[in-house]
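Enquirer: Residue numbers (this note's numbering): 4 to 63.
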């Protein structure tokens, strides 16, 4: 599936700016590799921990 930043913003109830900022931050951390209308999850275990609220600086 292909998703534009606009589509991701609409699905997540946020702005294109926020989507871009988050994707850039995740790419710098090595969680994803992103291109135009595609994202590859390169570190799914860390991404899952972040989604569960157990990311950096948090204890289990």
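By construction, the Cβ of each residue, glycine as well, lies at the ideal position given by its N, Cα and C atoms.
Taking 8 Å as the cut-off, decide whether the C-beta atoms of residue 7 and residue 40 are in contact.
Expert: Yes, they are a contact pair.
Enquirer: To the nearest angstrom, how far is it from the Cα of residue 19 to the Cα of residue 11?
Expert: Using only the alpha carbons, I get a separation of about 8 Å.
Enquirer: Would you tell me roughly how many angstroms separate the C-alpha atoms of residue 43 and residue 24, rounded to the nearest one?
Expert: Their backbone Cα atoms lie some 16 Å apart in a straight line.
Enquirer: Between 38, 22, 21, 32, which has its C-alpha nearest residue 5's C-alpha?
Expert: Checking every option, the nearest Cα to that of residue 5 belongs to 38.
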